[in-house]
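Chains A and B, in that order, are what the protein sequence lines are. Residues 1 to 263 (the numbering used here) are what the first sequence spells out, left to right. Residues 1001 to 1181 (the numbering used here) are what the second sequence spells out, left to right. Built from N, CA and C at the ideal position, the CB exists for glycine as well.
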Amino acid sequence: MTDPAPDDRILRLNAALDGELDPMASLEFERDMRADPALAAEYRRLAALRDAIRRSAPREAAPPALARRIAALVEPAPARRPFWTGQRTLALAASIAAVAFAAGVGLMALRAPGGSDPVAERLVADFARAEIAGQPFDVASSDRHTVKPWLADRTTVSANIVDLAPEGFPLAGGRVAIVDRIPAPTLVYRHNEHLVAVTELPPGANEARGGGAIETIDGYHVARWSDPALAYVAVSDMDEKTLGDFVEAFKHQGSQAAEPSRR
Amino acid sequence: MNKPGAGPIAERRFREIVLPLLDDAYTLAKWLTQSATDAEDVVQDAALRALAALATVAVDRPRPWFLAIVRNAAMTWMARNRPKGLAYAGDMADLNAIDVRGGSDDPPDPEQALIAREDAESLRRAIAGLPSPFLETLVMRDVNGLSYRDIAEATETPIGTVMSRLARARSAVAKALKANP
């Protein structure tokens, strides 16, 4: 079963459409499109086809009965925070007390009573997993013009990518998080050797209307805030103050560069 | 593969990795089996396989990992229950004959024409009519939203082959739409 390869022009068109060209190749492709109306027309045709396929063949939700059967294969997630239970409790409680003491701040916001927040926990787990795997993003680029279409292709909103390099937080890349079963764009910024991942929550995610207060989940700092259009969750291994600076910078730049983020 | 066998670590990984991907899994399985009922069986089977594997395997790229299991479960299921339907190698020649050069004899503004004639049902039929290697590539890319690298991983196929299958699949769908508007 050999596939004779379609010619490179077609492969490049498809790769451009799918956001799979590296930054230099993208630039070159855009230049070629400007110079070659036939190429541009082919690209539009292919994009129209792709859009039509997406509209006609959407992702479907698994039937609830199936989802229940499969969830029943394992024990349900503990209703109480695993955080506060089990053998880790003592060690964690001790370290939290130490942090609280050292930071000298009220950590009452650490866990709002009854404020179970599966979204933030999931995002922290994502962050931890990505960090351990040594792959904090799926598209590595400091160029938001590369990250943006990559994310736009994989999520239903196109991320509002703010440039925070002047503030000391260059963009490192992007990845997709799953929130309430919806792919949500996540931007990863770098600060020295630390990373912060900002996830734009899908509209209607019932979590995370927060004023920017920083809490700690499983050792990571988490900030939540929202602007009139969107809600965000940032997870980071930075210290609390640096994350606070980041959030302020993000809010500030975000409001400056506010653009309609519907695709 | 029953509950006690999996262990708490596997169960936690399962909740983190597999449960969020059920929609993707079901959608892929439904396209591959062309049946909602069969898709449920396939996803259930894949979930059991995943749970068993998670006892020993740590996964850092969940989507291609689990969708590979779903795909393999679908292939196994098709081979067992519908050997006739598994035209895995047979139909390749048809697609290889397709001219992927977009067709320079198209009327002006063909993308508009395509949209105007868009009929979701015939589009879905065109996709469903693709031989499996092309179908799975197209669905993973345009429906599940996987990257080329993820598709290569999930289908155990070199990335160049993924690219060429995708180009051919899209071209075949476009052709089918023009032939049967």
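Quick check on the burial criterion: 16 or more other C-beta atoms within 10 angstroms. Buried or exposed for residue 1145 of chain B?
Locating residue 1145 of chain B in the second sequence gives position 145, counting from the first residue. With 16 or more other Cβ atoms within 10 Å, it is buried.
Where residue 1132 of chain B falls: helix, strand or coil (DSSP)
To locate residue 1132 of chain B, count along the second sequence from 1; it is residue 132. Note: residue 1132 of chain B maps to helix in three-state DSSP.
Going along the chain, which residues of the stretch 46-60 of chain A sit with their C-beta nearer than 9 Å to a C-beta in chain B?
46, 47, 48, 49, 50, 51, 52, 53, 54, 55, 56, 57, 58, 59, 60
Taking only beta-carbon positions, decide if residue 1163 of chain B is within less than 8 Å of chain A.
Locating residue 1163 of chain B in the second sequence gives position 163, counting from the first residue. It does; some Cβ of chain A falls within 8 Å.
Which residues bound the alpha helix (DSSP H) around residue 168 of chain A?
Within the first sequence, numbered from 1, the residue matching residue 168 of chain A stands at position 168. Segment: none, residue 168 of chain A is in no alpha helix (DSSP H) and carries neither H nor E.
Using beta carbons (cut-off 8 Å, strictly below), is residue 1158 of chain B in contact with chain A?
Sequence index remark: in the second sequence, residue 1158 of chain B carries index 158 (1-based). No, residue 1158 of chain B does not count as interfacial toward chain A.
Contact check, residue 237 of chain A vs residue 187 of chain A under 8 Å by CB: the rounded distance?
Here the question's residue 237 of chain A lines up with position 237 in the first sequence. Here the question's residue 187 of chain A lines up with position 187 in the first sequence. Contact doesn't hold; Cβ gap of about 16 Å is too wide.
Here's a check: name, in chain order, each residue in its chain whose Cβ is nearer than 7 Å to the Cβ of residue 1047 of chain B, leaving out the five neighbours to either side.
Counting from one through the second sequence, the residue named residue 1047 of chain B turns up at place 47. 1018, listed in sequence order.
Chain A within 8 Å of residue 1037 of chain B, Cβ atoms only
Numbered from 1 along the second sequence, position 37 holds the residue referred to as residue 1037 of chain B. No, its Cβ sits nowhere closer than 8 Å to a Cβ of chain A.
Return the residue from the list A:250, A:130, A:155 that minimises the CA-CA distance to residue 163 of chain A.
Here residue 163 of chain A refers to the residue found at position 163 when the first sequence is read from its first residue. Among A:250, A:130, A:155, the Cα nearest to that of residue 163 of chain A belongs to A:250.
For the pair the stretch 177-191 of chain A and the stretch 233-247 of chain A, tell me if three or more CB-CB distances fall below 8 Å.
yes
Beta carbon of residue 247 of chain A nearer than 8 Å to that of residue 231 of chain A
For the purposes of this step, residue 247 of chain A is identified with residue 247 of the first sequence, where counting begins at 1. For the purposes of this step, residue 231 of chain A is identified with residue 231 of the first sequence, where counting begins at 1. Not in contact: residue 247 of chain A and residue 231 of chain A (Cβ atoms no closer than 8 Å).
Does DSSP put residue 162 of chain A in a helix, in a strand, or in coil?
Within the first sequence, numbered from 1, the residue matching residue 162 of chain A stands at position 162. Coil.
Determine which residues of the stretch 1138-1149 of chain B have a Cβ less than 9 Å from any Cβ of chain A, and write them out in chain order.
Here the close residues are 1138, 1139, 1141, 1142, 1143, 1144, 1145, 1146, 1147, 1148, 1149.
According to DSSP, is residue 187 of chain A helix, strand or coil?
Residue mapping note: residue 187 of chain A aligns to position 187 of the first sequence, counting from 1. DSSP places residue 187 of chain A in strand when its eight states are reduced to three.
For residue 252 of chain A, does the three-state DSSP call read helix, strand or coil?
The sequence position of residue 252 of chain A within the first sequence is 252, counting from 1. Correct three-state label for residue 252 of chain A: helix.
I want to verify the contact list: residues of chain A whose CB lies under 8 Å from the CB of residue 1154 of chain B, in sequence order.
As a position in the second sequence, residue 1154 of chain B is number 154, starting the count at 1. Per Cβ cutoff of 8 Å: no residues; residue 1154 of chain B is ~14 Å from chain A at best.
Measuring straight from C-alpha to C-alpha, what distance separates residue 55 of chain A and residue 198 of chain A?
Taking the first residue of the first sequence as 1, we reach residue 55 of chain A at position 55. Taking the first residue of the first sequence as 1, we reach residue 198 of chain A at position 198. Roughly 28 Å separates the two Cα atoms.
To the nearest angstrom, how far is the alpha carbon of residue 277 of chain A from that of residue 23 of chain A?
As displayed, chain A neither begins before 1 nor continues past 263, which places residue 277 of chain A out of reach and without an answer.
Bounding residues of the alpha helix (DSSP H) (the contiguous stretch that carries residue 1149 of chain B)
Numbered from 1 along the second sequence, position 149 holds the residue referred to as residue 1149 of chain B. Segment 1148-1155, the alpha helix (DSSP H) holding residue 1149 of chain B.
Hey, could you find the ends of the alpha helix (DSSP H) residue 199 of chain A is sitting in?
Looking up residue 199 of chain A in the first sequence gives position 199. From DSSP, residue 199 of chain A is part of no alpha helix (DSSP H) but of the beta strand (DSSP E) over 194-200.
If you measure from the beta carbon of residue 1016 of chain B to each beta carbon in chain A, is any gap under 8 Å?
The sequence position of residue 1016 of chain B within the second sequence is 16, counting from 1. Interface residue, yes.
Just how far apart, CA to CA, sit residue 18 of chain A and residue 1147 of chain B?
Sequence index remark: in the first sequence, residue 18 of chain A carries index 18 (1-based). Sequence index remark: in the second sequence, residue 1147 of chain B carries index 147 (1-based). Computed Cα separation, rounded: 8 Å.
State whether the stretch 1157-1169 of chain B contacts the stretch 1071-1081 of chain B, with contact taken as three or more CB pairs (one from each stretch) at a distance under 8 Å.
Judged by Cβ distances under 8 Å, the stretch 1157-1169 of chain B makes no contact with the stretch 1071-1081 of chain B, as fewer than three pairs qualify.
Should residue 160 of chain A be flagged as near chain B, meaning a C-beta pair shorter than 8 Å?
Here residue 160 of chain A refers to the residue found at position 160 when the first sequence is read from its first residue. Chain B, which has no Cβ nearer than 8 Å to the Cβ of residue 160 of chain A, makes this no.
Which residue from B:1006, B:1050, B:1052, B:1039 puts its Cα closest to that of residue 63 of chain A?
By 1-based counting over the first sequence, the position of residue 63 of chain A is 63. Ranking B:1006, B:1050, B:1052, B:1039 by CA distance to the CA of residue 63 of chain A puts B:1039 first.
Leaving out the 5 sequence neighbours to the left and right, which residues in its chain are closer than 6 Å to residue 30 of chain A when beta-carbon positions are compared?
The residue labelled residue 30 of chain A in the question sits at position 30 within the first sequence. For residue 30 of chain A, same chain residues with a beta-carbon under 6 Å away, outside a window of 5 residues either side, do not exist.
Identify the continuous alpha helix (DSSP H) that holds residue 224 of chain A and give its terminal residues.
Taking the first sequence and counting its residues from 1, the one referred to as residue 224 of chain A is at position 224. No alpha helix (DSSP H) contains residue 224 of chain A, which is instead part of the beta strand (DSSP E) from 220-226.
What residues of chain A sit near residue 1024 of chain B, judged by a beta carbon separation below 7 Å?
Your numbering for residue 1024 of chain B matches position 24 in the second sequence. Under the 7 Å cutoff, chain A gives 59.
Less than 7 Å between C-beta atoms, sequence neighbours within five positions excluded: which residues of the same chain meet that for residue 1065 of chain B?
What you label residue 1065 of chain B is simply residue 65 of the second sequence in a count that begins at 1. Only 1059 meet the Cβ criterion.
Run through the DSSP bridge pairs and tell me what residue 179 of chain A is partnered with.
Here the question's residue 179 of chain A lines up with position 179 in the first sequence. In DSSP, residue 179 of chain A forms a bridge with A:182.
Three or more C-beta pairs below 8 Å linking the stretch 1018-1029 of chain B and the stretch 40-52 of chain A:
no
Endpoints, the alpha helix (DSSP H) within which residue 233 of chain A is located
Position 233 of the first sequence, counting from 1, holds the residue named residue 233 of chain A. Not the alpha helix (DSSP H): residue 233 of chain A falls in the beta strand (DSSP E), residues 231-236.
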